[in-house]
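Engineer: Residue 62 in my numbering is what sits at position 62 of the sequence shown, and the numbering runs on without skipping anything.
Glycine included, C-beta positions come from ideal geometry on N, C-alpha and C.
As the structure is a prediction and not an experimental result, all values here were calculated from the model.
I have a structure here, written as structure tokens, and I will follow up with some questions on it.
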Amino acid sequence: MLPIFNKINDSDQPLLIVNGKFTYQQDGLYSLHNADFLKEPKFKEAYAKGKATNSWKGDPAWRTYIACWLASQAIKLEGEFVECGVNKGGMPMTIMNYTPFKESGKTFYLLDTYGDLVDEQISESERELGIKKGSYEQDYLEEVKNTFANYPVKIIRGMVPQTLSEIDAEKISFLSIDMNVAKPEIEAIEYLWPRLSKGAFILLDDYGWEKHFHQKQEHDKLASKLGYEILSLPTGQGLIMKS
């Protein structure tokens with residue numbers, strides 16, 4: 001069989017010719033590697049439920065699969081699940097349907113303004129990179145409450161870090177961070193770090209994305225301060241495991 005040549009081109013990069021057939025080409029990621037998880041019935045069903053929340057503008061299947069795999073490990077550890085930056089709940093919805101979350105006895109804490117970004121938390125560096133208020137709807141709290149009415153969650157509305165004290169979990173085994181700006185993300189990790197169980201995961205959704213480079217810089221500083229390393233993933237995420 002003759003090789004299939006795929007062309008990748010955008011305005012800032014030269015034309016690339018790739019020898020092979022893409023198995024995945026969405027959400028900023030092009031891959032020739034095995035992506036059979038996309039066909040896995042358990043993931044397909046869970047991902048469809050997450051997608052139905054209308055949280056995502058694109059189709060972040062590989063990002064979501066990574067979160068599901070981490071959650072399937074974290075569910076075996078002592079501690080609850082926390083997400084800071086929920087939007088309409090696509091990620092936690094997928095996770096709770098991919099894992100036996102309801103049977104685990106755990107609670108998923110969901111923290112968000114359930115509205116737009118907080119203007120005073122956006123740094124000048126982030127504004128220069130295009131981060132701005134006005135990217136999200138003003139109020140979708142009731143929609144999220146209805147979505148998770150039959151799930152073991154605690155919905156906490158407000159601005160991080162002010163709302164972090166409402167997380168009454170003594171231990172945390174999975175922490176998802178996706179607030180799109182550095183300040184509340186750094187403060188959330190600093191506040192919750194002592195409660196993370198040994199082997200717990202922190203998943204940074206924006207770590208490797210060009211538009212969020214300021215976040216990466218601040219997360220790298222915090223990693224140096226607290227003594228951990230961040231694994232940069234080709235999905236744009238960053239992964240931390242507490243040792």
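1. Considering Arg157, what are the terminal residues of the beta strand (DSSP E) in which it resides?
2. Just tell me which of Gly89, Thr23, Ser31 has its CA closest to the CA of Lys51.
3. Are the beta-carbon atoms belonging to Ala169 and Arg127 less than 8 angstroms from one another?
4. If you draw a straight line from the alpha carbon of Ser232 to that of Tyr207, how long is it in whole angstroms?
5. DSSP on Lys51, reduced to helix/strand/coil?
6. Cys84 and Ile155 - do their beta-carbons sit closer together than 8 angstroms?
7. Just to confirm the assignment, what range does the beta strand (DSSP E) spanning Gly199 have?
8. Mark Pro41 as exposed unless 16 or more other C-beta atoms lie within 10 angstroms of its C-beta, in which case mark it buried.
9. According to DSSP, is Val18 helix, strand or coil?
10. Taking C-alpha atoms, which residue in His212, Thr163, Tyr24 lies nearest to Lys39?
11. If you drop the 5 nearest sequence neighbours on each side, which residues of the same chain put their C-beta closer than 8 angstroms to that of Leu192?
12. Whole angstroms is fine: what's the gap from Thr94's alpha carbon to Pro184's?
13. Can you tell me which of the three DSSP states Ala223 falls into?
14. I'd like the span of the alpha helix (DSSP H) that includes Ile95, first residue to last.
15. Where Ala71 and Glu103 are concerned, what is the direct C-alpha to C-alpha distance, given to the nearest angstrom?
16. On the three-pair Cβ rule with 8 angstroms, is the stretch 59-79 touching the stretch 108-117?
17. Looking only at its own chain, which residues have a Cβ that is under 7 angstroms from the Cβ of Ser31, when we skip the five neighbours before and after it?
18. Since Leu29 is in the alpha helix (DSSP H), which residue starts that stretch and which ends it?
19. Are Ala61 and Asn97 touching if we call contact CB-CB under 8 angstroms?
20. Return the CA-CA distance between Ile202 and Ile240, expressed in angstroms with no decimal places.
21. With distances taken Cα to Cα, identify the nearest neighbour of Lys216 among Leu129, Phe148, Asp139.
Structural biologist: The short version:
1. Counting along the chain, the beta strand (DSSP E) containing Arg157 begins and ends at 153-157.
2. Out of Gly89, Thr23, Ser31, the CA that lies nearest to the CA of Lys51 is found in Gly89.
3. For Ala169 and Arg127, no; Cβs fall outside 8 angstroms.
4. Cα to Cα, Ser232 sits roughly 7 angstroms from Tyr207.
5. Residue state, collapsed to three classes: helix.
6. Result no, Cβ atoms of Ile155 and Cys84 do not sit closer than 8 angstroms.
7. That run of the beta strand (DSSP E) goes 196-204.
8. Its Cβ having fewer than 16 others within 10 Å, Pro41 is exposed.
9. The answer is strand: DSSP assigns Val18 an E or B state.
10. Comparing Cα-Cα distances from Lys39 to each of His212, Thr163, Tyr24, the minimum goes to Tyr24.
11. Here the set comprises Val82, Leu164, Ile167, Ile172, Leu175.
12. Each residue's CA atom was taken as its position, placing Thr94 and Pro184 some 24 angstroms apart.
13. If DSSP states are grouped into helix, strand and coil, Ala223 belongs with the helices.
14. Its alpha helix (DSSP H) spans residues 90-98.
15. Approximately 14 angstroms between the Cα atoms of the pair.
16. No, the stretch 59-79 does not touch the stretch 108-117.
17. Cβ neighbours of Ser31 within its own chain (closer than 7 angstroms, five residues either side excluded): Phe22, Thr23, Tyr24.
18. Secondary structure note for Leu29: it is in no alpha helix (DSSP H), and the uninterrupted beta strand (DSSP E) holding it is 29-31.
19. When the beta-carbon positions are compared, Ala61 and Asn97 stay at least 8 angstroms from each other.
20. Going by the C-alpha atoms only, they are around 5 angstroms apart.
21. For Lys216, the nearest C-alpha among the options comes from Leu129.
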